[in-house]
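Number of protein chains: 2
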Amino acid sequence: MHILITGAAGMVGRKLIERLAGDQSLNGQPIDKLTLFDVVAATAPQNINTTITTADLSDDGVAQTLIAERPDVIFHLAGVVSGEAETDFDKGYRVNLDGMRNLLEAIRHVGDGYKPKVIYTSSIAVFGAPFPHSIPDDFHLTPLTSYGAQKVIGETLLADYTRRGFLQGVGIRLPGITVRPGKPNKAASGFYSAIIREPLAGQEAILPVSEDVVNTHASPRAAAGFLVHAASLDPEKLGPRINLTMPGVCCTIGEQIEALRRVAGERVVSRIRREPDPFIMGIVAGWSTRFDATRARALGFTAEDTFDDIIRIHIADDLGGNFVR
Amino acid sequence: MHILITGAAGMVGRKLIERLAGDQSLNGQPIDKLTLFDVVAATAPQNINTTITTADLSDDGVAQTLIAERPDVIFHLAGVVSGEAETDFDKGYRVNLDGMRNLLEAIRHVGDGYKPKVIYTSSIAVFGAPFPHSIPDDFHLTPLTSYGAQKVIGETLLADYTRRGFLQGVGIRLPGITVRPGKPNKAASGFYSAIIREPLAGQEAILPVSEDVVNTHASPRAAAGFLVHAASLDPEKLGPRINLTMPGVCCTIGEQIEALRRVAGERVVSRIRREPDPFIMGIVAGWSTRFDATRARALGFTAEDTFDDIIRIHIADDLGGNFVR
Chain A
298 MHILITGAAG
308 MVGRKLIERL
318 AGDQSLNGQP
328 IDKLTLFDVV
338 AATAPQNINT
348 TITTADLSDD
358 GVAQTLIAER
368 PDVIFHLAGV
378 VSGEAETDFD
388 KGYRVNLDGM
398 RNLLEAIRHV
408 GDGYKPKVIY
418 TSSIAVFGAP
428 FPHSIPDDFH
438 LTPLTSYGAQ
448 KVIGETLLAD
458 YTRRGFLQGV
468 GIRLPGITVR
478 PGKPNKAASG
488 FYSAIIREPL
498 AGQEAILPVS
508 EDVVNTHASP
518 RAAAGFLVHA
528 ASLDPEKLGP
538 RINLTMPGVC
548 CTIGEQIEAL
558 RRVAGERVVS
568 RIRREPDPFI
578 MGIVAGWSTR
588 FDATRARALG
598 FTAEDTFDDI
608 IRIHIADDLG
618 GNFVR
Chain B
298 MHILITGAAG
308 MVGRKLIERL
318 AGDQSLNGQP
328 IDKLTLFDVV
338 AATAPQNINT
348 TITTADLSDD
358 GVAQTLIAER
368 PDVIFHLAGV
378 VSGEAETDFD
388 KGYRVNLDGM
398 RNLLEAIRHV
408 GDGYKPKVIY
418 TSSIAVFGAP
428 FPHSIPDDFH
438 LTPLTSYGAQ
448 KVIGETLLAD
458 YTRRGFLQGV
468 GIRLPGITVR
478 PGKPNKAASG
488 FYSAIIREPL
498 AGQEAILPVS
508 EDVVNTHASP
518 RAAAGFLVHA
528 ASLDPEKLGP
538 RINLTMPGVC
548 CTIGEQIEAL
558 RRVAGERVVS
568 RIRREPDPFI
578 MGIVAGWSTR
588 FDATRARALG
598 FTAEDTFDDI
608 IRIHIADDLG
618 GNFVR
């Protein structure tokens, strides 16, 4: 089996590669070849025959070249993130819309019975406030960012190309991915991970919002699991509604901190410094918090049961089992 | 005020032009100029300074030329219809997606404070079965045709360009437009109009489905009214959810026929011949039937109250007040 991953150098891409390298197979078939595509070079796993390609999917001919090798499964993770899509309108539409469409068109034009699985990372940014208490699976798509709009369009194209029989698509709307390993970034949502990651590394973290803020989280390991599970779904069972809101652990910031106390102790928790930031509080107030994810759960997608588990996975997967007590 | 209408040669376009020619104004401002755009020449009204342009919005430079004159209000009705978008995949996406995007981009690139109103005809085809008893305003968008997918994408682009401040968009999802004047066409939905129009013209009409089939209808006059009302909406009152399901008369085929009996008599009704067609019955079974349209009604959009009114409007507007008894 030949697997193509776009956006392979990103965090979710890296976690997916680790997972596939561990499994050595997908859907019971051995992985013969991996193509890792991104605008910067991704890192090849040691134990799979890997080709690394750097280019931009929105450039002419790039998608055709990638698809000419007829990968069996395509994980399409590439994209401009939320903040950049908002500040650079042209780049967001070029990468997130034209790049997606180029990929789908390249697949369609192969013809000759070629019908790969295409697993697409969408986002809960497809939903826009005001929200009900918990967002049902059949809630309308009214994004309030250009990134969210581009994800709605990507989902819609994927569903139509699937319905027309050009490919087998599954779109997965990721919840907040926590704990993100690595350095703090400038995303407004960065604190959800930072208040866990930094204290575990012996560093101080700033909490800019109040403890009653609610969010839904899944670990990077769970995100890789969603992708692998999506590739295994029976299209008959999935039906025409191929875009799914993924499950996660819904909790308050206060509950995140309590979980950190249980898992790592009071000294670690004491490294969180409260410094309310009205600007970030304003942004976060417009974000969705809670999802039913009824269909995804029924289709076998699983996330962690508790935020304690999410912290333990970070310690195991990203910190080698250790943290600064 | 300068008004641009794309798709001006189509049925809804013609009805809108008649309405504007009657009003001579829009939102209380006199209409100085009308630009009628379509792939075939539209018909100018006698009493407004009109430019007629024939071209394809998906061709390079066409949208820029149209927008260079800075129309104040743009009614974007142009598009490939449902059946053609399904049989010609490339043409559907080229006209319905690229054409729309070209128009929006041409507007954005004018800059300099130019911010026209853009009224876009979407469709209830944005919804896909299975449906609840009545489709709420916040129901998700899961189209089951390429046309429906293209309308979802058009709505999403319109909302994002509006949110970003490049224009003031309103998308209106039209219900079934009945009674369509003119010759029978090949659309699977043609019988909804034909069973009224043909008997009133002294011709036999074939009813291919059972009398308990439910649909939501508005007259061509109501469709023109939706467009004019959309152009008058206060953006503050509308908020970010700019795409609206329009109201209509929800009734069964049996109720349509009863209305025809009341308005035109038994002899007219006797020209309807029942000839069940399993193929058409299968298609119609997947269509949406009933809509809440709560927001549109609250925002002042109105359709007819009864199907009797819809028939009377057809007789008044398209038959000069007469029919074959």
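Residue numbers (the numbering used here), protein chains in the order written: chain A, 298 to 622; chain B, 298 to 622. For each residue, glycine too, the CB sits at the ideal point set by N, CA and C. The structure presented is a predicted model; accordingly, all values stated were derived computationally and were not measured.
Buried/exposed call for A/Ala-305, threshold 16 Cβ in 10 Å
buried
With DSSP collapsed to three states, give me the class of B/Ala-561.
Three-state DSSP puts B/Ala-561 in a helix.
On the three-state DSSP scale, how would you describe A/Thr-453?
helix
Please tell me whether A/His-437 has its Cβ less than 8 Å away from any Cβ of chain B.
yes
As assigned by DSSP and simplified to three states, the class of B/Asp-602
coil
Is the region 445-464 of chain A close to the region 479-495 of chain A, with three or more CB pairs under 8 Å?
no
Is there contact between the region 515-526 of chain B and the region 298-315 of chain B, where contact requires at least three CB pairs shorter than 8 Å?
yes
Strictly below 7 Å CB to CB, what residues from chain A border B/Ile-450?
Going along chain A in sequence order, the residues near B/Ile-450 (Cβ under 7 Å) are Ile-450 and Thr-453.
Looking at A/Thr-347 and A/Ala-338, is the spacing between their C-beta atoms short of 8 Å?
no
Give every residue of the same chain whose Cβ lies closer than 7 Å to the Cβ of A/Gln-361, excluding the five residues on either side of it in the sequence, and list them in chain order.
Ala-403
Name the two residues that bound the continuous alpha helix (DSSP H) containing A/Asn-399.
Element bounds for A/Asn-399: 397-407.
In this structure, does DSSP put A/Tyr-390 in helix, strand or coil?
Three-state DSSP puts A/Tyr-390 in a helix.
For the putative contact between A/Leu-455 and A/Gly-583, defined by C-beta atoms under 8 Å, what is the C-beta separation to the nearest angstrom?
About 26 Å separates the CB atoms of A/Leu-455 and A/Gly-583; that is not less than 8 Å, and the two are not in contact.
Which residues mark the beginning and the end of the alpha helix (DSSP H) in which B/Phe-576 is found?
575-582
Does DSSP classify B/Ala-502 as helix, strand or coil?
Here B/Ala-502 sits in strand by DSSP.
Does the beta-carbon of A/Glu-508 have 16 or more other beta-carbons within 10 angstroms, so that it is buried, or is it exposed?
exposed
Flag this pair as touching only if the region 539-550 of chain A and the region 574-591 of chain A have three or more C-beta atom pairs under 8 Å; answer yes or no.
yes
Are the CB atoms of A/His-514 and A/Gly-579 nearer to each other than 8 Å?
no
How close, in whole Å, do the beta carbons of B/Pro-496 and B/Pro-573 come, if the pair is a contact with beta carbons under 8 Å?
With a Cβ gap of about 18 Å, B/Pro-496 and B/Pro-573 do not count as contacting.
Quick check: A/Ile-300 and A/Leu-323, are their CB atoms within less than 8 Å of each other?
Taking 8 Å as the Cβ cut-off, A/Ile-300 and A/Leu-323 qualify as a contacting pair.
How close, in whole Å, do the beta carbons of B/Ser-419 and B/Asn-540 come, if the pair is a contact with beta carbons under 8 Å?
Cβ-Cβ separation between B/Ser-419 and B/Asn-540: approximately 6 Å, consistent with a contact (criterion under 8 Å).
May I have the straight-line CA-CA distance separating A/Arg-367 from A/Lys-330, to the nearest angstrom?
11 Å
Use the C-beta contact count for B/Lys-414: other C-beta atoms within 10 angstroms, 16 or more gives buried, fewer gives exposed.
buried
Among the residues of its own chain, which have a CB less than 6 Å from the CB of B/Gln-326, if the five just before and after it don't count?
Met-298
Could you run through the region 384-399 of chain A and flag, in chain order, every residue whose CB is less than 9 Å away from some CB of chain B?
Phe-386, Tyr-390, Leu-394 and Arg-398
Below 8 Å on the Cβ atoms is my contact criterion, and I expect B/Leu-354 with B/Ala-341 to pass it. Report the Cβ-Cβ distance as a whole number of Å.
In fact, because the Cβ distance is near 20 Å, the residues do not count as touching under 8 Å.
Going by beta carbon distance, what residues of the same chain come within less than 6 Å of B/Val-359, once the five residues before and after it are set aside?
Ala-352
Taking C-beta to C-beta, are B/Thr-542 and B/Arg-470 nearer than 8 Å?
yes
Residue of B/Phe-463, B/Val-370, B/Met-397 and B/Gly-310 minimising C-alpha distance to B/Asp-409
B/Phe-463
Contacts of A/Ala-590 in chain B (Cβ-Cβ under 8 Å):
By Cβ distance, chain B contributes nothing, its closest Cβ being about 14 Å from A/Ala-590, past 8 Å.
Quick one: what's got a C-beta closer than 6 Å to B/Glu-501's C-beta in the same chain, skipping five residues either side?
Arg-568 and Arg-570
Sorted by chain position, which residues of the same chain lie with C-beta nearer than 7 Å to B/Ile-364's C-beta, five sequence neighbours on each side aside?
Excluding positions up to five away in sequence, the list reads Ala-403, Ile-404 and Val-407.
Find the residues of chain B that neighbour A/Arg-538, judging by a C-beta separation of less than 7 Å, and give them in chain order.
Thr-439
In this structure, does DSSP put B/Pro-532 in helix, strand or coil?
Three-state result, B/Pro-532: helix.
Where does A/Pro-472 fall in DSSP's three states?
coil
Looking at the unbroken beta strand (DSSP E) that takes in A/Ile-300, where does it start and where does it end?
From DSSP, the beta strand (DSSP E) with A/Ile-300 extends over 299-303.
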